[in-house]
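Take the sequence shown: its position 320, counting from 1, is numbered 320 in full-length UniProt numbering, and each next residue is one higher.
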Amino acid sequence: MIRRAFGWHRPLMAVAALMAVVAVACLVGGLVDHRVVTGAPVWDKPAKFSLSILVYAVSWAWLIARLPRFRRPAHVVGTVVAIALVVEQAVIVGAAAAGTTSHFNVTTPLATALWGVMAASVTVLYVCALLTSLAVLRLRLPDPALTLGIRAGALIALVGIGLAYLMTSPTAAQLADFHGVSGAHAVGAEDGGPGLPVLGWSTTSGDLRIPHFVGMHALQALPVAALLLGLAARRIPALAPDRVRVRLTAVAAVAYLAVVALVTAQALAGQPITGPSPAVLAAGTAIAGAALLAAGIVVARGGAVHPAAASAATTGSATAGATTPDGAPADAAPSPAGAGQPSAASSLAEISSRSK
Numbered sequence: 001m002i003r004r005a006f007g008w009h010r011p012l013m014a015v016a017a018l019m020a021v022v023a024v025a026c027l028v029g030g031l032v033d034h035r036v037v038t039g040a041p042v043w044d045k046p047a048k049f050s051l052s053i054l055v056y057a058v059s060w061a062w063l064i065a066r067l068p069r070f071r072r073p074a075h076v077v078g079t080v081v082a083i084a085l086v087v088e089q090a091v092i093v094g095a096a097a098a099g100t101t102s103h104f105n106v107t108t109p110l111a112t113a114l115w116g117v118m119a120a121s122v123t124v125l126y127v128c129a130l131l132t133s134l135a136v137l138r139l140r141l142p143d144p145a146l147t148l149g150i151r152a153g154a155l156i157a158l159v160g161i162g163l164a165y166l167m168t169s170p171t172a173a174q175l176a177d178f179h180g181v182s183g184a185h186a187v188g189a190e191d192g193g194p195g196l197p198v199l200g201w202s203t204t205s206g207d208l209r210i211p212h213f214v215g216m217h218a219l220q221a222l223p224v225a226a227l228l229l230g231l232a233a234r235r236i237p238a239l240a241p242d243r244v245r246v247r248l249t250a251v252a253a254v255a256y257l258a259v260v261a262l263v264t265a266q267a268l269a270g271q272p273i274t275g276p277s278p279a280v281l282a283a284g285t286a287i288a289g290a291a292l293l294a295a296g297i298v299v300a301r302g303g304a305v306h307p308a309a310a311s312a313a314t315t316g317s318a319t320a321g322a323t324t325p326d327g328a329p330a331d332a333a334p335s336p337a338g339a340g341q342p343s344a345a346s347s348l349a350e351i352s353s354r355s356k
């Protein structure tokens with residue numbers, strides 16, 4: 001299994017393996033090194049980045065191995081991504097070891113140069129993700145819902161990565177009283193205040209890391225949602241038709257993008273994730289309600305058959321029992337709705353066979 005996974009894209013999978021080791025090392029570091037940087041344990045950031053990079057690298061390695069076209073150029077782009085990820089993480093880990101910040105740090109010429117390297121690596125990652133996403137738009141898997149989930153996830157992830165640039169501009173307070181920091185993830189307060197456990201997202205101000213995180217991980221969330229729908233279809237007949245799962249995946253994608261837009265607006269307004277305004281709460285409720293309503297309509301109408309299709313099915317049923325003059329069956333009986341359609345299980349089986 002592991003050997004097969006490394007066959008997807010060796011450089012990216014090597015980065016994923018390296019990040020697993022780095023994450024463990026950071027966890028150990030957090031146990032023995034109790035220094036604090038911007039209000040958080042010094043090894044928290046490199047540990048979280050290690051896990052995020054691990055998931056990101058595995059996701060793109062898997063996708064590149066599935067591409068029907070442009071696989072070779074995508075493989076080259078994936079190698080560039082692997083290098084950029086290692087460079088970015090090396091700067092983050094190095095800054096943690098030095099007991100300082102990696103992002104927005106322009107206190108010294110060295111810190112400024114390293115921050116410039118990180119900014120360049122992020123730009124490289126974005127361009128590479130854009131190129132690979134264009135190739136992913138040509139991807140077709142046996143399960144059309146999974147295909148849509150992957151395509152939509154890749155495009156929304158581009159939006160999420162791009163939102164990182166909102167953090168790079170110096171704030172008004174930094175311009176008024178410069179102390180070697182240019183940029184911030186907090187809006188309405190300085191970085192380093194109280195935050196959620198583990199995630200660290202601010203509980204006192206807006207935090208641009210939230211839309212960046214939510215958007216970027218659409219690359220995993222939407223395909224997983226499509227896979228779960230496919231698995232559920234094996235037990236829930238209403239989900240069996242492909243068109244139902246495709247439309248539900250589309251509803252999930254639109255709702256997900258709306259959530260990204262909402263948490264972006266909330267962060268820019270300086271509102272913490274734990275203290276949304278009435279307007280944000282109303283918008284969130286509207287998104288959830290609209291998504292549930294749309295999903296209900298899709299499922300309710302999923303079994304409806306178009307009149308032309310119903311007529312064809314009726315004709316086919318009548319023909320199925322007929323025989324030719326020599327006594328041979330005139331035609332085979334039509335398959336029931338959804339029969340022969342690829343399920344999530346068959347999609348996974350074909351995906352597995354392709355990767356061998």
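Ideal Cβ positions, reconstructed from N, Cα and C, are used throughout, including at glycine.
Would you mind reading off the limits of the alpha helix (DSSP H) that contains residue i?
i	result
GLU88	71-98
ARG6	Note that residue 6 is Phe in the sequence shown here, rather than Arg. Per DSSP, PHE6 belongs to the alpha helix (DSSP H) from 2-6.
HIS185	Unbroken run through HIS185: none, as it is neither H nor E.
TYR126	109-136
ARG234	First-last for ARG234: undefined, no H or E at that position.
VAL214	209-216
LEU158	144-162
SER50	44-66
TYR256	242-268
GLN271	Element bounds for GLN271: n/a, residue is neither H nor E.
VAL299	278-301
LEU139	That residue, LEU139, is in no alpha helix (DSSP H); it is neither H nor E in DSSP.
MET19	10-32
LEU175	172-176
Work out the CA separation of residue j and residue i for me, nearest whole Å.
i	j	result
LEU175	LEU139	46 Å
LEU163	ASP207	12 Å
GLY149	ALA232	16 Å
PRO334	VAL224	Caution is warranted here: a pLDDT of 42 is assigned to PRO334, below 50, making its placement in the model unreliable, and the coordinate value is therefore given only provisionally. Spanning the two alpha carbons is a distance of roughly 32 Å.
PRO329	THR147	With a pLDDT of only 45 at PRO329, under 50, the local geometry of the prediction cannot be trusted, and the value read off the model is given with reservation. PRO329 and THR147: Cα-Cα distance of roughly 38 Å.
PRO307	PHE6	Unreliable placement is indicated for PRO307, whose pLDDT of 49 sits below 50; the coordinate value is still reported in the next sentence. The straight-line gap from Cα to Cα measures roughly 49 Å.
ALA16	ALA172	38 Å
SER182	TYR165	12 Å
THR285	PRO109	48 Å
TRP60	ALA154	10 Å
VAL37	ALA84	24 Å
TRP8	TRP62	6 Å
ILE297	ALA291	10 Å
ALA119	PHE49	15 Å
ARG72	LYS45	34 Å
LEU268	LEU130	25 Å
Can you round the beta-carbon distance between residue i and residue j to whole angstroms, since I take them to be within the 8 Å contact cut?
i	j	result
ALA47	ALA23	5 Å
THR132	ILE64	7 Å
MET19	ILE53	5 Å
HIS185	ASP177	Not really, about 19 Å apart at Cβ, beyond 8 Å.
LEU229	LEU248	6 Å
PRO276	GLN266	6 Å
VAL214	VAL280	With a Cβ gap of about 14 Å, VAL214 and VAL280 do not count as contacting.
Can you list, in chain order, the residues of its chain whose CB lies under 8 Å from that of residue i, leaving out five sequence neighbours each side?
i	result
ALA238	VAL244, VAL299, GLY302, GLY303
LEU67	ALA74, ALA135, VAL136, ARG138, LEU139
TRP43	CYS26, LEU27, GLY29, GLY30, ASP33, ALA96
ALA250	LEU148, ALA152
Leaving out five residues on either side along the sequence, give the residues of the same chain with a beta carbon under 6 Å from the beta carbon of residue i.
i	result
MET216	ALA157, GLY160, ILE161
PHE70	ALA135
PRO11	THR79, ALA82
GLY180	VAL106, THR107
GLY321	With a pLDDT of only 45 at GLY321, under the threshold of 50, the placement of this residue in the model should not be trusted, and no figure is reported.
SER102	VAL91, ILE92, ALA95
GLY327	Bear in mind that a pLDDT of 43 at GLY327, under 50, signals an unreliable position, so the number given afterwards is only what the model happens to contain. There are no such residues.
CYS128	VAL77, VAL80, VAL81
GLY193	SER202, THR204
Name the residue from the options whose alpha carbon lies nearest to the alpha carbon of residue i.
i	options	result
residue 428	VAL187, GLN220, GLY183, ALA90	In this structure the chain extends from 1 to 356, so residue 428 is not present and cannot be described.
ASP33	ALA16, ALA97, ARG66	ALA97
GLN89	VAL117, ALA295, ALA269, THR38	VAL117
VAL86	SER121, VAL214, ILE2	SER121
GLY170	PRO109, PHE104, ALA152, ARG151	Looking at the sequence provided, one finds Pro at residue 170 rather than Gly. If we check each option's Cα against that of PRO170, PHE104 comes out closest.
ALA261	THR249, PHE49, ILE287	ILE287
PRO197	ARG35, GLY39, VAL21, TRP60	GLY39
ALA57	LYS45, SER277, VAL77, ARG72	VAL77
MET167	ALA295, TRP115, ILE236, LEU281	TRP115
LEU199	ALA119, LEU51, ARG35	LEU51
ALA294	ALA282, ALA283, LEU268, VAL254	VAL254
Can you give me the Cβ contacts of residue i inside the same chain, cut-off strictly under 7 Å, excluding the 5 residues immediately before and after it?
i	result
THR264	LEU163, PRO211
TRP201	GLY195, ASP207, ARG209, ILE210, ILE273
TYR256	ILE156, ALA218, ALA221, LEU222
GLY270	VAL187, GLY188, SER205, GLY206
PRO144	ASP242, VAL246
ALA99	Per the sequence shown, the amino acid found at residue 99 is Gly instead of Ala. Contacts found: ARG35, VAL37, VAL42.
TYR126	ILE161, GLY162
Verify the contact flag: residue i, CB atom, against every heavy atom of the ligand COA, threshold strictly below 7 Å.
i	result
VAL21	This structure does not include the ligand COA; it has no bound ligands of any sort.
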